[in-house]
Amino acid sequence: MGETENEPGSSMHGVSAKERAFAFSVASPKIPTDPTAKFALPVDSEHKAKVFNLLSFAKPHMVTFHLSWLSFFTCFVSTFAAAPLVPIIRDNLNLKKGDIGNAGIASVSGSIFSRLVMGAACDLLGPRYGCAFLIMLSAPTVFCMSFVSSAGGYIAVRFMIGFSLATFVSCQYWMSTMFNGNIIGLVNGTAAGWGNMGGGATQLIMPLIFELIKQAGATPFTAWRIAFFIPGCLHVIMGILVLTLGQDLPDGNLSTLQKKGDVPKDKFSKASICHDFHLHAFVLWYAIINYRTWIFVLLYGMSLGVELTTDNVIAEYFFDRFNLKLRTAGTIAATFGMANIFARPMGGFLSDLAARRFGMRGRLWNLYILQTLGGIFCICLGRANSLDLSITSMILFSIGAQAACGATFGIIPFISRRSLGVISGLTGAGGNFGSGLTQLLFFTSSNYSTETGIFYMGIMIVACTLPVTLVHFPQWGGMLLPASKHGEKCSEEYYYGAEWNAEEKEKGLHHGSLKFAENSRSERGQRVGSAATPQTSTTEDV
Amino acid sequence: MAATGLLLGLILALGCFSEICVAIISFSSLQTTLVVTVSHPRRLLRAGEDKITVRWGLNQSLPAGTDSAYKTIKVQLCYAPISQVDRAWRKTEEHFSKDKTCQFKIVKMPYTTGNQTLEWTIERDVPTATYFVRTYALDANDHEVAYGQNTDAKKTTNLFEIQAISGRHVSLDIASVCFSVFSIVSLMGFFFVEKRTGRKAQQ
């Protein structure tokens, strides 16, 4: 574990909900507890927590978890804060459908770039400052909403607020410095899911705040501007909490530890990144040439992407189609995003469950079924004419799409060991790109109504989930074809070893991948149970 | 025989009833019996400040008793076609339950014969758009039975524009700047203070 610690590219490690979704702790002697450490939770030799206790606020591990997911949640709240208020904003700023659509696209596009910068920022400054910088520097962009008086201004501000979604990267990075690798799956999955909930919570919060401010005497066109101060202040408060209560590593803050000599400065310095440029190029190369990467980029665009798009359009849709009050439309829209609290971890859990019996083939089928069901219910939502049917379809659609998000990251760690970080980053970017694309295609033009747009989006989801049938691992098989039977290609070691060239293998750099390959034999499933289960494997139940 | 007669009678009654229902909920079946005129101080009006004067009354050339069913008058501000382009939330539909043309109520009052005049200050939640005024006559069941508007059937003449309030306030702008500055300054403050404490710890 040591050599991959905090290495650029490993920052995404464990972003899955894959590892034993119900593994709340890692027992000794599998990972020995450090007896000298004085932490509230049992820790390993690197002082990372071995236990994930949701009800605790123990410093520093659980405090970090709560700070982390709350920061991500706050950024989701502010990015989608405009969505439930669009019926008021469109009248104030004289927007057309195209303007509203473009603003939605802008809100999800910014973070495609900011995520890349965030990875580097976390490496250089540590996750605490990475998070604090982003959240406090994006607070002014939220406050800027009070200045907006035209469509152009509205689109620009939503674009800038969207940059804050890169807190996803700092959130996941910070978790991996605080929690042991064997439970990091659940920790990261929970943090990501609860953060995503912000997109639902905001649909509830913003209309409520708006109504309260209106009742206090403000006109609608002023009230919505004042309402934006709430997410803005949340940014500032969370930023201050992160700076005062948070710390980069279990033993202290990065700069303090570097000065003491406990943490080699090289790991986080610019110099090391330039020096290792060719290594990073290889990591990028192996991610790009693997066709599975691109299939999952597309797939995640049709699960997370579609979720973000729906966050942007659903409140306005219910308001217009069924003539509901703003608050009622917001409440209904909120149930879409709030399903993340259980749907996303559930997708990862189902992935693990399927893998126990059927291995990787089970995981692929699980993903295909969940995402296709999401698409089918999206079609139903577009076709539903009554409120009850619409709400039911929407809820089932949300569960399908969000569970598919969790299931996707149940497979991603297995695509590549060496390039996991890059692939996770590309997949995440694919999610945002998918959101921008679906909004552009279906919700910006006046040629068809919103319900027709939702219908077409459902068709696109079903069609674009089909490529998962093409994913095939020589050692495990794919959805339709079994594992290769001939030659050396049907071993995990060959697959993961192929990412290292002969020179690197001579230096022994690939040993981490080999260890991973050994552990991943569980992906063969139960039917090939005669495959050796080494003592170090993660298949043991805790 | 009697049963068949009763059934037929029921079907006929239902048919008439449904016809009446259809007539009530569809715009095109309404008669234009009211005459409406609107006068305003200038072409471009300002919401929250300017007033418009609406005059309405029964068309005198119609026979007496046309307005016997009219109990209430509802005067509404409606979007002109040019303001409905690319804005499906203002679309004109045949059925009243789906129609979104007229979204602002100017006044709703009991119907009296003769001409009525009303001076109305444009409210502050009216968006920037081009408008006309339509007056509905409602019966005792609150269903539309007749209407009149100050523009022609194609909604091209006598339109007027309203400029909405911006919703911005100087105090809001100042608060926004203050909060933003606080955010940036506190972040930089923390950063530099910690750097300096770190340097001191090293010495």
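Note that the protein sequences, when read in sequence, are chains A and B. Going by this note's numbering, the first sequence opens with residue 3, and the numbers climb by one from there. Going by this note's numbering, the second sequence opens with residue 540, and the numbers climb by one from there. Quick reminder that beta carbons are idealized off the backbone N, C-alpha and C, glycines included.
Check: Count the other CB atoms, across all protein chains shown, that sit within 10 Å of the CB of A:Ala465; report buried if there are 16 or more and exposed otherwise.; Outcome: exposed
Check: So what's A:Glu505 in DSSP terms, helix, strand or just coil?; Outcome: helix
Check: Helix, strand or coil: how does DSSP classify A:Val150 here?; Outcome: coil
Check: Step through the CB atoms of chain B and report whether any lies within less than 8 Å of the CB of A:Gly103.; Outcome: no
Check: Would you mind giving the Cβ-Cβ distance between A:Asn314 and A:Gly202, rounded to the nearest angstrom? I have them listed as a contact below 8 Å.; Outcome: Contact doesn't hold; Cβ gap of about 12 Å is too wide.
Check: Any C-beta of chain A sitting closer than 8 Å to the C-beta of B:Thr696?; Outcome: no
Check: Whole angstroms are fine: how far does the CA of B:Tyr686 sit from the CA of B:Thr571?; Outcome: 5 Å
Check: Under 8 Å: do the segment 66–76 of chain A and the segment 239–247 of chain A share three or more Cβ pairs, one atom per stretch?; Outcome: yes
Check: Pairing CB atoms from the segment 198–217 of chain A with CB atoms from the segment 328–341 of chain A, are three or more of them under 8 Å?; Outcome: yes
Check: With DSSP run on the structure shown, which of helix, strand or coil describes B:Pro649?; Outcome: strand
Check: Would you mind reading off the limits of the beta strand (DSSP E) that contains B:Glu700?; Outcome: 699–702
Check: Take every Cβ of the segment 46–64 of chain A, pair it with every Cβ of the segment 182–190 of chain A, and state whether three or more of those distances are shorter than 8 Å.; Outcome: yes
Check: Taking A:Met304 as the reference, give the member of A:His282, A:Gly234, A:Gly408, A:Gly332 with the closest Cα.; Outcome: A:Gly408
Check: May I ask you to report which of helix, strand or coil DSSP gives A:Val144?; Outcome: helix
Check: Restricting to runs no shorter than 4 residues, where is the alpha helix (DSSP H) found entirely within the segment 556–613 of chain B?; Outcome: none
Check: Are the C-beta of B:Thr667 and some C-beta of chain A separated by less than 8 Å?; Outcome: yes
Check: So if DSSP puts B:Thr669 in a beta bridge, which residue, or which two residues, is it bridged to?; Outcome: B:Glu700
Check: Pull the bridge partners of B:Trp659 from the DSSP assignment, please.; Outcome: B:Ile591
Check: So which residues of chain B does A:Gly106 contact, with C-beta pairs closer than 9 Å?; Outcome: Chain B residues near A:Gly106: none, gap ~15 Å exceeds 9 Å.
Check: What is the rounded straight-line gap between the Cα of A:Lys61 and the Cα of A:Phe41?; Outcome: 8 Å
Check: In the DSSP assignment, what are the bridge partners of B:Val634?; Outcome: It is worth fixing the name first, because residue 634 of chain B is His in this sequence and not Val. B:His634 is bridged to B:Ser565.
Check: Is A:Phe518 near A:Arg385, with beta carbons less than 8 Å apart?; Outcome: no
Check: Could you list which residues in chain A have their beta carbon closer than 9 Å to that of B:Ala627, in chain order?; Outcome: Lys99, Asp322, Ser448, Ser451, Thr452
Check: Give me the DSSP bridge partner(s) of B:Lys644.; Outcome: B:Gln615
Check: Would you kindly work out how many angstroms separate the C-alpha atoms of A:Phe320 and A:Leu326, rounded to a whole number?; Outcome: 7 Å
Check: According to a CB-to-CB cut-off of less than 9 Å, which residues of the segment 651–665 of chain B neighbour chain A?; Outcome: Glu662, Arg663, Asp664, Val665
Check: Name, in chain order, the residues that DSSP records as bridge partners for A:Gln174.; Outcome: Paired residues: none, contrary to the question.
Check: Could you say if the segment 373–387 of chain A and the segment 490–501 of chain A meet the contact criterion of at least three C-beta pairs nearer than 8 Å?; Outcome: no
Check: On the three-state DSSP scale, how would you describe A:Leu214?; Outcome: helix
Check: Counting Cβ pairs, one atom from each stretch, are 3 or more of them under 8 Å apart for the segment 132–148 of chain A and the segment 104–113 of chain A?; Outcome: no
Check: I'd like to know if A:Gly241 contacts chain B, where contact means its C-beta is closer than 8 Å to some C-beta of that chain.; Outcome: yes
Check: Bridge partners of A:Pro528, per DSSP?; Outcome: Strictly speaking, residue 528 of chain A in this sequence is Gln, with Pro absent from that position. Answer is none; A:Gln528 lacks a bridge partner.
Check: Identify the contact partners of A:Gly234 in chain B, using a Cβ-Cβ distance below 7 Å as the criterion.; Outcome: Phe718
Check: Counting contacts by CB-CB distance shorter than 8 Å, is A:Leu389 in contact with chain B?; Outcome: no
Check: Can you grab the Cα-Cα spacing for the pair A:His513 / A:Ser437, in whole Å?; Outcome: 38 Å
Check: If we ignore side chains and look at the alpha-carbon of each, how far apart do A:Thr295 and A:Ile417 end up?; Outcome: 7 Å
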